[in-house]
Amino acid sequence: MFVDFLAKMNAQEIEKYQREQFQAINYYRNRHGVPSLIWDQKIAKDAQAWANHLALEHSGIGKLEHSGKYGENLAAGYPLSNVHAANMWYSEVTKLDFSNIENADFVNKHVTQLIWKGSKRIGIGIAKSSNSSWYYVVANFDPPGNMMGSFAENVLPPLY
37 MFVDFLAKMN
47 AQEIEKYQRE
57 QFQAINYYRN
67 RHGVPSLIWD
77 QKIAKDAQAW
87 ANHLALEHSG
97 IGKLEHSGKY
107 GENLAAGYPL
117 SNVHAANMWY
127 SEVTKLDFSN
137 IENADFVNKH
147 VTQLIWKGSK
157 RIGIGIAKSS
167 NSSWYYVVAN
177 FDPPGNMMGS
187 FAENVLPPLY
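Just so you know, we're using my numbering here: the sequence shown kicks off at 37 and counts up by one.
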């Protein structure tokens, strides 16, 4: 796992959070019969850098903006015990119509990226604002998902 420092998070907190989210994301992917993602150090470094950027630029307001480099899911919140990014993203699954997945609502694209069959690698970053209690989470997926015309082959219904 890649560790960088910002504000009040120590290396153990960052690694623990990354590991928990990585495991949760792969659990959800397995529920849909798609392969587990592989942890990628370079992608994790980029995710951490973007999380650091969000924590510095938008400190205390929870504003999110995408980096544009990968398939990317973002989350923000506080306290850390309430920032279960993988669970938040996956909770959108109840709003998906798998029988008409090509027309999925763009509001629910976190979950479709999370379970996108064609994505192979992931990196996750988390940073805490230096002047507030906000945490910023970035999960980068490569190759990116949510490609129009490819939902039916990449977003599979849950097996259980």
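Every residue, glycine too, gets a C-beta built ideally from N, C-alpha and C.
Keep in mind that this is a model prediction, so the values were computed, not measured.
Checklist entry - Can you give, in chain order, each stretch of the alpha helix (DSSP H) that sits fully within the stretch 144-173 and has at least 4 residues? => result The qualifying runs are 145-150.
Checklist entry - Tell me which same chain residues have a C-beta within less than 6 Å of the C-beta of P194, skipping the five on either side of it? => result Along the sequence shown, read from residue 1 onward, the residue named residue 194 stands at position 158. Correct list, in chain order: R67, H68.
Item to check | Own chain residues within Cβ distance below 8 Å of N182, not counting five before or after | outcome: Within the sequence shown, residue 182 is the residue found at index 146, counting from 1. Only G107, K145, T148, Q149, W152 meet the Cβ criterion.
Next on the checklist: Quick check: what's the CA-CA separation for A163 versus S186?
Outcome noted: Looking up residue 163 in the sequence shown gives position 127. Looking up residue 186 in the sequence shown gives position 150. Rounded to whole angstroms, A163 to S186 spans 33 Å at the Cα level.
Checklist entry - M45 to D178, Cα distance in whole Å? => result Along the sequence shown, one-based indexing puts residue 45 at 9. Along the sequence shown, one-based indexing puts residue 178 at 142. C-alpha separation (whole angstroms): 26 Å.
Checklist entry - Are the Cβ atoms of D198 and K52 separated by less than 8 Å? => result Residue 198 is absent from the model: the chain starts at 37 and stops at 196.
Item to check | Closest Cα partner of A121 within the set Q59, E189, L192, M184 | outcome: Mapped onto the sequence shown, residue 121 falls at position 85. Comparing Cα positions, the closest option is Q59.
Item to check | Under 8 Å between C-beta atoms of Q48 and A175 | outcome: Counted from its first residue, the sequence shown places residue 48 at position 12. Counted from its first residue, the sequence shown places residue 175 at position 139. Contact flag unset, no.
Checklist entry - According to DSSP, which residues form a beta bridge with F177? => result Counting from one through the sequence shown, the residue named residue 177 turns up at place 141. Answer is G107, I158, bridged to F177.
Next on the checklist: Using the Cβ count rule (16 or more neighbours within 10 Å means buried), how would you classify D141?
Outcome noted: Numbered from 1 along the sequence shown, position 105 holds the residue referred to as residue 141. Counting Cβ neighbours within 10 Å, D141 comes out exposed, since fewer than 16 surround it.
Checklist entry - Do I158 and W86 have their C-beta atoms within less than 8 Å of each other? => result In the sequence shown, the residue the question calls residue 158 occupies position 122. In the sequence shown, the residue the question calls residue 86 occupies position 50. Against a cut-off of 8 Å, the Cβ pair of W86 and I158 comes out as no contact.
Next on the checklist: On the DSSP letters alone, give me the boundaries of the alpha helix (DSSP H) that I61 sits inside.
Outcome noted: Sequence index remark: in the sequence shown, residue 61 carries index 25 (1-based). I61 -> alpha helix (DSSP H) spans 47-67.
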